[in-house]
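**Q** Sharing a structure here in structure tokens format.
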Amino acid sequence: MASIILNGITWGHSRGITPLLAIGQRYSELHPEVEIRWKKRSLQEFADFPIEKLTEAYDLLIIDHPWVGCAAATHCVLPLNEYLPSDYLQDQANNSVGASYESYVYNGSLWALPIDAATPAASYRKDLLPQPPQTWDELLQLAKAGKVAVPGIPIDVLMHFYSFCISFGATPFANEYEVIDTATGVQAIECMQQLYSLVDRRMFDCNPIAVAELMSSTNDFWYCPFAYAYSNYSRAGFAKYLLHYADVVALNGKQLQTTIGGTGLSVSAFSQHKSVAVDVAKMMVDGEMQRTMYMQHGGQPGHRSAWTDATANELTNGFFNAVLPVMDNGYMRPRYNGYLHFQDHAGTPLRTCLMDNGDPAKALQLMNELYRQSIHQNSTSLSV
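What follows is the structure in structure tokens.
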């Protein structure tokens, strides 16, 4: 019987749990004295319960990078740069998928290893739509035909809002008083209203997983312009119909810059077996492991060598090659301690505005009020 038991917490999708179970099993085979027990929670459960509280009960935690400001303030997880070899960390930095590695570095410390990388990308049913839209106008035409699905829950419309602000020439969070200037923010919301006024109302209750499930199980929707990408739906046998992925559409003459997600693997500062937990994390995020067992068991690696690997792309019908340019062009959200208060709430007035064709200026005003509150607030959530 194992003398060391490590408890881990992750999110409840095949991408989030299956590779961890597989590698955990292999670690225990190599180290019989260690047993790793993973528990899965829904994304909403992560949002509803502060991750800093979870560190008291779990040794290993899958986290979202905007939480690292809280990690740095509370020191409830280990600064992994003080526990891992410099050559290992350099390999991780050199093989970052977009800003994945950088997103877990805050105040000079590394609070998680980039175990999973993701960003909103376009997905489509190649059997129904041989050539996906390339421009915003082409997307709107397809939406008018009722063939477009797009996530519409608060967290996702907020992530898309950042992309549209950037496309109109301004980067969000440039100061501590407003998310974005009024002219740019209103223009971004008005552009989003063009699309969301054309899609099925069901979309306002769909997250990226729900959209992917709809597209891969029915013939109702042929194309999604931007949703956090899941390589699982590009793998034969995972769903009834295969999804293919592509770059997002161009607006104002250039591709939208989507908001990166993905997850990191942290080690609790309260763990009774810190050195073992760090060793497990080191194995799980190692380049060779990410490229082989992690990817093969449904994972979406955070190590770049997996994304450029021929076998990985063959298994996923070119998913990684298609999404890598979108990842490399991705926008990284703020990570200050308190940002998650804004993220947890600011999508609600935006979603209401999109659902009801409301006043963009009013929605933006509410978002700015929440932003100013967030400068002095703490919160926790997970978005992938």
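Residue 2 is where the sequence shown starts when you use this note's numbering, and the numbers rise one by one after that.
Heads up, the beta-carbon is just placed ideally off N, CA and C, and yes, glycines get one too.
For the alpha helix (DSSP H) containing Gly17, list its first residue and its last residue.
**A** 15-31
**Q** Please return the same chain residues whose Cβ sits closer than 6 Å to the Cβ of Leu371, not counting the five positions on each side in sequence.
**A** Phe343, His346, Ala347
**Q** Rounded to the nearest angstrom, how far is the Cβ of Pro133 from that of Ala123, given a contact under 8 Å?
**A** 6 Å
**Q** To which residues does DSSP link Ser1 through a beta bridge?
**A** Here the chain covers residues 2 to 385 and nothing more, so residue 1 does not appear.
**Q** Any chance the segment 315-333 sits against the segment 224-232, with 3 or more Cβ pairs inside 8 Å?
**A** yes
**Q** Which of the three DSSP states is assigned to Ile190 in this structure?
**A** helix
**Q** Tell me the rounded alpha-carbon separation between Tyr340 and Met333.
**A** 13 Å
**Q** Do you know how far the Cα of Val35 is from the Cα of Arg16?
**A** 24 Å
**Q** Measuring alpha carbon to alpha carbon, tell me which residue in Leu196, Asn95, Gly299 is nearest Val158.
**A** Leu196
**Q** Could you tell me whether the segment 236-244 touches the segment 205-224, where touching means 3 or more Cβ pairs closer than 8 Å?
**A** yes
**Q** Assuming Ala113 and Tyr125 form a contact by the criterion Cβ under 8 Å, report the distance between their Cβ atoms to the nearest whole angstrom.
**A** With 8 Å as the limit, Ala113 and Tyr125 do not qualify as a contact, their Cβ atoms being about 32 Å apart.
**Q** Who are Gly265's beta bridge partners in DSSP?
**A** Ile64, Pro115
**Q** If the criterion is Cβ atoms closer than 8 Å, does the pair Thr185 and Phe174 meet it?
**A** For Thr185 and Phe174, no; Cβs fall outside 8 Å.
**Q** Are the segment 60-79 and the segment 308-315 in contact at 8 Å, needing three or more beta carbon pairs?
**A** no
**Q** Locate the beta strand (DSSP E) running through Lys145, then write down its first and last residues.
**A** Careful: Lys145 lies outside any beta strand (DSSP E), inside the alpha helix (DSSP H) at 137-145.
**Q** Just how far apart, CA to CA, sit Trp12 and Gly25?
**A** 16 Å
**Q** For Trp39, which residues in the same chain have their Cβ closer than 7 Å to its Cβ, ignoring the five residues on either side in sequence?
**A** Gly9, Thr11, Ile18, Leu21, Leu22, Gly25
**Q** Suppose you measure from the CA of Gln297 to the CA of Ala313; what does that come to, to the nearest Å?
**A** 8 Å
**Q** Where does Arg202 sit, in a helix, a strand or coil, going by DSSP?
**A** helix
**Q** Quick one: residues in its chain with C-beta nearer than 7 Å to the C-beta of Met356, no 5 flanking neighbours on either side, listed in chain order?
**A** Phe205
**Q** Taking C-alpha atoms, which residue in Pro361, Ile210, Leu257 lies nearest to Gly153?
**A** Ile210
**Q** For Ala123, list the residues DSSP reports as bridge partners.
**A** Ala247
**Q** Could you check which residue in Gln273, Cys192, Gln188 has the C-alpha nearest to that of Trp137?
**A** Cys192
**Q** Grouping DSSP H, G and I as helix and E and B as strand, with all else coil, what is Ile52?
**A** helix
**Q** Mark Gln273 as exposed unless 16 or more other C-beta atoms lie within 10 angstroms of its C-beta, in which case mark it buried.
**A** exposed
**Q** Rounding to the nearest angstrom, what Cα-Cα distance links Leu351 and Met368 in this structure?
**A** 8 Å
**Q** Excluding the 5 residues preceding and the 5 following Leu316 in the sequence, name in chain order all residues of the same chain whose CB lies nearer than 8 Å to its CB.
**A** If we look at Leu316 and ignore the five residues flanking it on each side, its Cβ neighbours are Arg236, Met296, Gln297.
**Q** Pick from Tyr337, Gln135, Asp360: whose alpha carbon is nearest that of Asn177?
**A** The residue asked about is misnamed: residue 177 is Glu in this sequence, not Asn. Comparing Cα-Cα distances from Glu177 to each of Tyr337, Gln135, Asp360, the minimum goes to Tyr337.
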